[in-house]
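Residue numbers (the numbering used here): 19 to 370.
The following block contains the structure:
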């Protein structure tokens, strides 16, 4: 693992492996740490390996708030431009950043950054949400989510698209949270109402649903078929995992499990899916652009759904559990092009 300290902003780019090409998003938050960024880079290595891409994972972490974001990101983009042009570091948006922040690095416009009229999110976020919904359906034993209930953490660009895609597959959203709290209703929420309230009120949309607002962590305790974690790394620790009532955990967030939290879920018989499979949708889209581009948005959507479902179905059937199975599949591919002393130093789980 190599850490490149940035000179023009407070942050770093972490390269998980020593290889010619690495890829991963750029995260910006006042409290992002080198440790968090390193975990995210490791998860990208596993995600790219699941997709059979001979690339290393990387991640950038910038410590800054939203007040001066434009100036900070402009400096950052210019600093990493040589890395991007040499393809040493291919990056895109993540927490705290948007696709348009990196427009100056793009040689040509990409359909993945076009806005989806249904959700107001960009296509790459839509593909991530589609992958999460497809993984949940596969884990429950079918192609869709007919009648399944979901509790979704976060209602931003990925949480919103996950909700839409889950409902398209027949699911029902019975709980939702933002930084301002959590709401639940066994009867489910109307997606169009949720999207309109988010458009008008942002993260405070949950305060306008006419249901009691509980603390945000209460989402983990909701009785639902599927829990979708959408927060920062290590959010599912031992204590929260002990309270989970869902049958399946299908993460939209990267590295949501601590080692102890993962063991707790599996010990309780809860299917803990690998985040780097569930949320691979956008990466599948970017990979298709680098190779032989798929001709239509429908083609990309079909590729995301098929890839994630296939990987999830095989992982769920594995004797060592879904998360370990996905790691084994990724590691098997890494060994086809990595030397024995060039493998990742551990799996993408957060410390307790």
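We put the beta carbon where it would ideally sit given N, CA and C, even for glycine.
Legend entry - Own chain partners of residue 67 with C-beta closer than 6 angstroms, once the 5 adjacent residues on each side are dropped: For residue 67, where only same-chain residues beyond five positions count, the Cβ hits under 6 angstroms are 348, 351, 352.
Legend entry - Three-state secondary structure (DSSP) of residue 328: The three-state secondary structure of residue 328, taken from DSSP, is helix.
Legend entry - Beta-carbon proximity list for residue 65, same chain, < 6 angstroms, skipping 5 on both sides: Non-local beta-carbon contacts of residue 65 in its own chain, meaning distances under 6 angstroms to residues more than five positions away in sequence, involve 294, 298, 301 in chain order.
Legend entry - Residues near residue 27 in its chain [Cβ-Cβ closer than 6 angstroms; skip 5 each side]: Counting only residues of its own chain and dropping the five nearest sequence neighbours on each side, residue 27 has a CB closer than 6 angstroms to the CB of 80, 90, 93, 94.
Legend entry - Whether residue 147 touches residue 176 by CB criterion (8 angstroms): Result yes, Cβ atoms of residue 147 and residue 176 sit closer than 8 angstroms.
Legend entry - residue 256 CB to nearest heavy atom of the ligand GDP below 7 angstroms: With respect to small molecules bound, the structure shown includes none, and the ligand GDP cannot be examined in it.
Inset, instruction - Rank 183, 163, 153, 157 by C-alpha distance to the C-alpha of residue 141 and give the top, closest one. - result: The option with the nearest alpha carbon to residue 141 is 183.
Legend entry - Cα-Cα separation between residue 11 and residue 114, rounded to whole angstroms: Since the first residue shown for the chain is 19 and the last is 370, residue 11 is missing from the structure and cannot be characterised.
Legend entry - Straight-line Cα distance separating residue 174 from residue 106: One C-alpha to the other measures close to 30 angstroms.
Inset, instruction - Give the single residue among 48, 37, 49, 59 whose Cα lies nearest to the Cα of residue 31. - result: Here the closest residue by C-alpha is 59.
Legend entry - One or two residues paired with residue 33 in a DSSP bridge: Beta-bridge pairing links residue 33 to 20, 76.
Legend entry - At least three beta-carbon pairs within less than 8 angstroms, the segment 259-276 to the segment 226-245: The segment 259-276 makes contact with the segment 226-245: 3 or more CB pairs, one atom from each, lie closer than 8 angstroms.
Legend entry - Buried/exposed call for residue 54, threshold 16 Cβ in 10 Å: Classification of residue 54: buried, given that the 10 Å Cβ count is 16 or more.
Legend entry - Span of the alpha helix (DSSP H), counted from its first residue to its last, around residue 246: For residue 246, there is no enclosing alpha helix (DSSP H); the residue is found in the beta strand (DSSP E) stretching over 244-246.
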